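Read the structure below first, then the notes.
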Amino acid sequence: MSLRQLFATKSLEHVMGELESGERLKRALGPWSLVALGIGAIIGTGIFVLVGKAARDTTGPALMLSFVVAGLACIFAALCYAEFASMAPVAGSAYTYAYLTLGELMAWIIGWDLVLEYAVASCTVAHGWSKYFQDLLKIGGVGLPAFLGDAPLGVHEGGIVTTGHWLDLPAFVIAIIVTAILVRGIRESAILNGIMVAVKLGVVLFVIFAGLPYVRMSNWTDNFAPYGYGGVSFFGHLVWGEVNPMTKLPAGVMAGAALIFFAYLGFDAVSTNAEEAKNPSRDLPIGIIGSLLVCTVLYIAVAAVLTGMVPYAEIQKEAPVANAFEHVGFQGARLLVSIGAITGITSVLLVMMCGQPRIFLAMARDGLLPRSFFSDIHPVFKTPWKSTIITGLIVALGGSLLPLDLLAELTNIGTLFAFVVVCAAVLVLRVTHPDTPRGYKAPFGLATPILGIALCLLLMFSLGWENWLRLFIWLAIGLAIYFCYGIRHSRLRLQQAAQGHSR
1 MSLRQLFATK SLEHVMGELE SGERLKRALG PWSLVALGIG AIIGTGIFVL VGKAARDTTG
61 PALMLSFVVA GLACIFAALC YAEFASMAPV AGSAYTYAYL TLGELMAWII GWDLVLEYAV
121 ASCTVAHGWS KYFQDLLKIG GVGLPAFLGD APLGVHEGGI VTTGHWLDLP AFVIAIIVTA
181 ILVRGIRESA ILNGIMVAVK LGVVLFVIFA GLPYVRMSNW TDNFAPYGYG GVSFFGHLVW
241 GEVNPMTKLP AGVMAGAALI FFAYLGFDAV STNAEEAKNP SRDLPIGIIG SLLVCTVLYI
301 AVAAVLTGMV PYAEIQKEAP VANAFEHVGF QGARLLVSIG AITGITSVLL VMMCGQPRIF
361 LAMARDGLLP RSFFSDIHPV FKTPWKSTII TGLIVALGGS LLPLDLLAEL TNIGTLFAFV
421 VVCAAVLVLR VTHPDTPRGY KAPFGLATPI LGIALCLLLM FSLGWENWLR LFIWLAIGLA
481 IYFCYGIRHS RLRLQQAAQG HSR
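Under my numbering, the first residue of the sequence shown is numbered 1, with each subsequent residue one higher.
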C-alpha cells in the first residue's frame, strides 16, 4: 500500500458515470422543496433549545452578535457547498467532494466525521424534542415518571456524571417514528416536512412579534456583553476573553458563536439530497443559500427578543423560548410555542436523519462500507432503507442515553471540520480544474473558500480541548475501520489494481 493509493481521487466524470449506470434515487425535489428541507433542518433545536444555554452561560444579550459571526462563517461554507453541489449532484455531500479532490483517505475521514454531523446531531435534536414534549405534557397536567424523562448521563464542570434517570423515553420514541416515515419515501417525507416548516415559521414569527411588547431595553443595555466579546481559545487554552466562573468554560461572543453554531447546522443537508433534485445545478444553490439567509435573519431576531424579554441570567436552559413567555405571564403563548417547537424540531430530525443514510449510501457504493447492506435501495419506496433503519437505532439510543451538552458540542466540532474540508476542496478544484463546468460559481474568487476555512477553524479552536479529544478518538476509530475493511474493499483501489495487472 502506497501513499499514492491512499490519496487516489475519483474523477468527476467517473462519479457521474456511476450515477447514470447504477441504481438511482428518485428525482422528486424542486427548488422550493429544497429550501423547505434546508429551513426544516436549520430552525429547530438551535433556536428553541440551545439559545437558553448560550445566552445564560456564555454571551448574555450579545448572543445576537454570536449569531452574526456564526452565520458569516456559514455563508462562506454555504457558497462552497453550492458550487460543489452544482458540479457533482450525487448523494454523499462533503464525502463525495473530498473523494473528488483530496483522495480516498480524506474522503473516508470526512465521511466518518459526517456521522457526527448527522447521526449525533439527530441525537441532540431528539433530546431537545423530548424537553418540549414534556413541557407540553405539563401544560396539560400530565407528566412522565422522572426516570423516563431524561438521559442517565449528564455533564458537570466538563465531566460525565450519572443523573439517576433510566432513559429519555420521548427521544427514543420520536426517533423510531421518524425512521418509519423516512423508509416510506423521500416525496412523502418532503411533503410532511413542508407542512411542518410552514407551522414552524409561523411560530417563529409569532415569537418575534408577540414577544416585542414584552422587551425591556434595560435587559440589553444594562449588561449587553457580560462576558465580553472574546472567548477565543486554542485547543481549550483561552487566548482572548474570559472564563465563566460558574461553568469554568470560555465565555464571550466568539465562544457563543462556537456553541450556537449548531443552530445553523442543516443547510448542507440539502446537498445530501442532490441525487433527488429535479434540476441539481439550478435548484441546489437556491436551496442551500436561500434557506441559510432566511434562517440567519430569523435567528438574530429571536435572540434579540428572548434576551430583551428575560434578563440573561434568568433564561431557562430547558425550553427557553416557551419559558420566556411564562416569565412575562403570557401562558397562552407558552402552549403555542411548545407546539411550534415540537413541530420545528421534528422537521429538523426528519431532514438530519434523511441525510445520514445517504452518506452511508455513497460510502458503500465506493466499497468502503458493506455494499449489500448500506447501499440497498428498497424496491418499492426507492430509499436506502437498511441504512435508514440503522441510523434510526443509533439516534434512538444516543438521544435517549447521552446528555445534551456532550452531543451538541461533539456535533459542532464535527460539522466545522466538514465545512473546512468542503472549503478546502473547492479551493483545490479552483486551482486544478478551473475550466470544469459549474452550474453555480461562488463569488469573490479564492477569497470565499479561504475565508470559510479561516472562520471555521477559528470557531473550532474556540471549542474546549475535550471536544478535540473526542473528535480525535472518533476519527481514530474510523481509521481503524478503514484500514481493516474499507481499504481492502475499495472499488477505486480494486479497479486500479485490475488495470495494473492488465498492463
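Ideal Cβ positions, reconstructed from N, Cα and C, are used throughout, including at glycine.
These numbers were taken from a predicted model, which means no experiment stands behind them.
Per DSSP, cross-strand counterpart(s) of residue i
i    : result
E242 : A251
D168 : G149
G154 : V161
V215 : BP columns for V215 are empty, so no partner.
F234 : H237
A277 : L29
Beta-carbon proximity list for residue i, same chain, < 6 Å, skipping 5 on both sides
i    : result
T296 : G71
A333 : A210 and F325
G290 : V35
Residue i versus residue j - alpha carbon distance
i    : j    : result
F417 : I109 : 10 Å
F48  : A341 : 6 Å
K10  : L492 : 7 Å
R438 : L427 : 14 Å
A319 : A313 : 15 Å
W240 : I473 : 27 Å
M466 : P379 : In the sequence as displayed, the identity of residue 466 is Glu instead of Met. Near 44 Å, if we compare the C-alpha coordinates of P379 and E466.
P145 : L137 : 12 Å
C505 : V215 : Since the first residue of the chain shown is 1 and the last is 503, residue 505 is not available in this structure.
E117 : G398 : 13 Å
L361 : N223 : 49 Å
G464 : A497 : 43 Å
D405 : A62  : 21 Å
H327 : G202 : 22 Å
K53  : M460 : 19 Å
G266 : Q331 : 31 Å
I390 : L212 : 44 Å
G392 : I176 : 6 Å
V270 : L284 : 7 Å
V395 : G478 : 18 Å
D268 : N219 : 35 Å
G486 : V142 : 49 Å
L205 : L306 : 13 Å
A85  : A277 : 11 Å
Same chain, Cβ closer than 7 Å to residue i, neighbours up to 5 away in sequence not counted
i    : result
V125 : G44, T45, I345, V348, L349 and M352
D150 : T163, H165 and D168
S130 : D168, P170 and A171
R56  : Y312, A313, I315 and K317
T247 : D57
For residue j and residue i, believed in contact at Cβ under 8 Å, the rounded distance
i    : j    : result
K382 : F373 : Not quite, the Cβ-Cβ distance comes to about 17 Å (not below 8 Å), so this is no contact.
S400 : F172 : 4 Å
A310 : V207 : Reading the sequence as shown, one finds Val at residue 310 and not Ala. The pair is not a contact, with the Cβ atoms about 13 Å apart (cut-off 8 Å).
A78  : L298 : With 8 Å as the limit, A78 and L298 do not qualify as a contact, their Cβ atoms being about 16 Å apart.
Near the ligand COA: residue i beta-carbon under 7 Å from a heavy atom
i    : result
A319 : For the structure depicted, the ligand COA is absent and the ligand set is empty, with no information on it obtainable.
Cβ-based neighbour list, residue i, same chain, cut-off 8 Å, excluding 5 preceding and 5 following
i    : result
P243 : Residue 243 is actually Val in this sequence, not Pro. L249, P250 and A251, listed in sequence order.
V120 : G398, L407, L410, T411 and G414
P449 : F76, C80, C423, A424, V426, L427, R430 and A442
V155 : V161, P403, D405 and L406
What are the uninterrupted segments assigned as beta strand (DSSP E) that are 3 or more residues long and contained completely in the segment 54-92, given in chain order? none
Give the list of continuous beta strand (DSSP E) stretches no shorter than 3 residues that lie fully inside the segment 365-389. As far as the segment 365-389 is concerned, it has no whole beta strand (DSSP E) run of at least 3 residues.
Give the list of continuous alpha helix (DSSP H) stretches no shorter than 4 residues that lie fully inside the segment 286-311. none
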